[in-house]
């Protein structure tokens, strides 16, 4: 018999109501396909920020948000948390889901579905959803740990089902699309309560080369000449002699005015945006060297642009700054106050061996301290990032800037050559993610996004753990039990421990982790064959090949390492239909082969990849 669900009342925003209906229909279809027959469900849905009869709603502890967003971003973050909060109240007339706003109700309905059926929206493909253990409905209010929670890209339905409400839209790409296309993208996000930021490295869009050539005094100064590209010094990459795009002369008021005008035009042509990013060209140690620019830190340059853009377009939009590498240098003086800025702290190229706030590591901060001299790309010990974050907090607080976190997974190659384990993707321990989310939230972080996705390689849990950690309310260990029970049944705990064991071994040593891989294979033999088991086996094979290449490099045989990358690509190409991250892994392998060929020939690399 089909699962019977009925929504007796709802006052949700129409687009969110449609998404709730979609989730219920998909859950019914998936449950029916597995022959499940949960008890009939009667839902009463109330968004407190929409018209309703308060007397008809059972007692609850959800705060009603204001009708419109506050002007300051710090206050808006608290307002957003109230909108996304929900409480489930079971009674004789059905299950009430009471949300501060429509999004809170949407999240609450999915909580009810998950509790009563065990459904886990694990995959971006809803047909690959899992069913784990059922559990009791939570009685306490569910309030997000961080107000704006995101990943870089992904299926919008999956975002909503993971309670993610923040995403990136690349400004360089979307500036080339029609206003109608941008409006459609915003509408698609809105049906899941997602707030995009029009962002990323797009300075070349706002200040293109042809404009710089017409105004050479706007170009950055390097070694006494205004130029578009020039060699940069990379202290932690002595094997590279790389050229990079040079930042424009941000101290030139006319250049800034042009940039701000182009940004304002894009903003005005994209109504409905809540967030807008002001990022420089990507790179490190590529800043203008004129006296005026050298007198100001890179972060201060971007902060000035943000304030000038705010003056031009007014309020309503929060502006996004980033802090990594050179932009980790502390301001030379207090920042002018602003109530609509947030700064993404970017702990780039981490080993994930430690939480960033753990004790130990270097006695002093060595990253982001040398500007206008050359800075490191990233710390040798990631615990330095915790100290850098703490050093920045007083500046941000005094200026009214909301701290934010731009976290990474293994999507980026390590040009310093210190480690290789990012390429295996399934690295950050879920408990580390949760511990750091708590630490950040306690320090006022209002936005958090994961740059890149793990792509279910070899499973979906790292992405689920990220979303779960920045939402909070339930220990990530509980989700881990449910997820791996759904995958491995009675062997779920063994499977979880075996997968984590491989990740731990990869971080602990440069050797091929044969013992851990053998433990994983022992568990896989207990499970029925299928696509998920094969993904684990593919992952194990990839790790063996990748570590062979890495150990050739460590032994000084760069030519053999380069040849091994060819074998790695053959391995990936033969399994591309099972590896969501195949394109990324192929691209990385090509890059690593190039670096190894350069090393074997004794040549310096002419570029670098961040």
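Residue numbers (the numbering used here): 6 to 615.
Built from N, CA and C at the ideal position, the CB exists for glycine as well.
- Counting every other CB atom within 10 Å of its CB across the protein chains shown gives residue 288 a total of 16 or more, marking it as buried.
- In this structure, the alpha-carbon of residue 547 lies about 19 Å from that of residue 600.
- By the Cβ neighbour-count rule, residue 178 is exposed, with fewer than 16 other Cβ atoms within 10 Å of its own.
- By the 16-neighbour rule on beta-carbons within 10 angstroms, residue 212 is buried.
- Take residue 362, set aside five residues on each side of it, and the residues of its chain with a beta-carbon closer than 7 Å to its own are 391, 444, in chain order.
- Bounds of any beta strand (DSSP E) do not take in residue 384, whose DSSP letter is neither H nor E.
- A Cβ-Cβ separation of about 16 Å leaves residue 476 out of contact with residue 140 under the 8 Å criterion.
- Taken through DSSP and simplified to helix, strand or coil, residue 90 comes out as coil.
- When secondary structure is reduced to three states using DSSP, residue 276 falls in the coil class, being assigned neither helix nor strand.
- When only Cα atoms are considered, residue 22 and residue 99 end up about 18 Å apart.
- According to the DSSP secondary-structure assignment, residue 408 is paired through a beta bridge with 348.
- According to the DSSP assignment, residue 113 belongs to the alpha helix (DSSP H) that extends over 107–122.
- The DSSP assignment places complete alpha helix (DSSP H) segments of no fewer than 4 residues inside the segment 220–285 at 258–273, in order along the chain.
- Less than 8 Å divides the Cβ of residue 430 from the Cβ of residue 586.
- In the DSSP annotation of this structure, the continuous segment of the alpha helix (DSSP H) that includes residue 165 starts and ends at 161–166.
- Assignment of residue 147 by DSSP, reduced to helix, strand and coil, places it in the strand class.
- By the 16-neighbour rule on beta-carbons within 10 angstroms, residue 468 is buried.
- Counting along the chain, the unbroken alpha helix (DSSP H) around residue 444 starts and ends at 435–447.
- Cβ-Cβ distances below 6 Å link residue 573 to 550, 594 in the same chain, with the five nearest sequence neighbours on each side left out; the list follows chain order.
- Look at the beta carbons and you see the segment 486–497 not touching the segment 187–202: under three pairs across the two are nearer than 8 Å.
- With a threshold of 16 other beta carbon atoms within 10 Å, residue 384 meets it and is buried.
- Of the candidates 326, 312, 88, 320, 326 places its Cα closest to the Cα of residue 286.
- Counted as a single uninterrupted DSSP element, the alpha helix (DSSP H) harbouring residue 298 occupies residues 296–299.
- In this structure, DSSP gives residue 394 a helical state, which the three-state scheme calls helix.
- Bounds of the beta strand (DSSP E) holding residue 204 are 200–204.
- Three or more Cβ pairs closer than 8 Å define a contact, and the segment 56–75 meets that threshold against the segment 87–96.
- DSSP places residue 208 within a helical segment (H, G or I) once states are collapsed to three.
- Annotation: the continuous beta strand (DSSP E) that includes residue 49 extends over 46–52.
- Linking residue 122 to residue 561 through their CA atoms gives a straight-line distance of about 55 Å.
- Put simply, of 423, 605, 346, 333 the residue whose alpha carbon is nearest the alpha carbon of residue 281 is 346.
- In this structure, 168 is the residue among 271, 168, 260 with its C-alpha nearest to the C-alpha of residue 474.
- Residue 277 sits away from residue 253, with the two beta carbons spaced by 8 Å or more.
- Taking all protein chains in view, the Cβ of residue 183 is surrounded by fewer than 16 other Cβ atoms within 10 Å, so the residue is classified as exposed.
- Non-local C-beta neighbours of residue 312 in its own chain, meaning closer than 7 Å and more than five positions away in sequence, comprise 341, 343, ordered along the chain.
- By the CB criterion at 8 Å, residue 240 and residue 379 fall inside the cutoff.
- Counted as a single uninterrupted DSSP element, the stretch harbouring residue 354 is not any alpha helix (DSSP H), since DSSP gives it neither H nor E.
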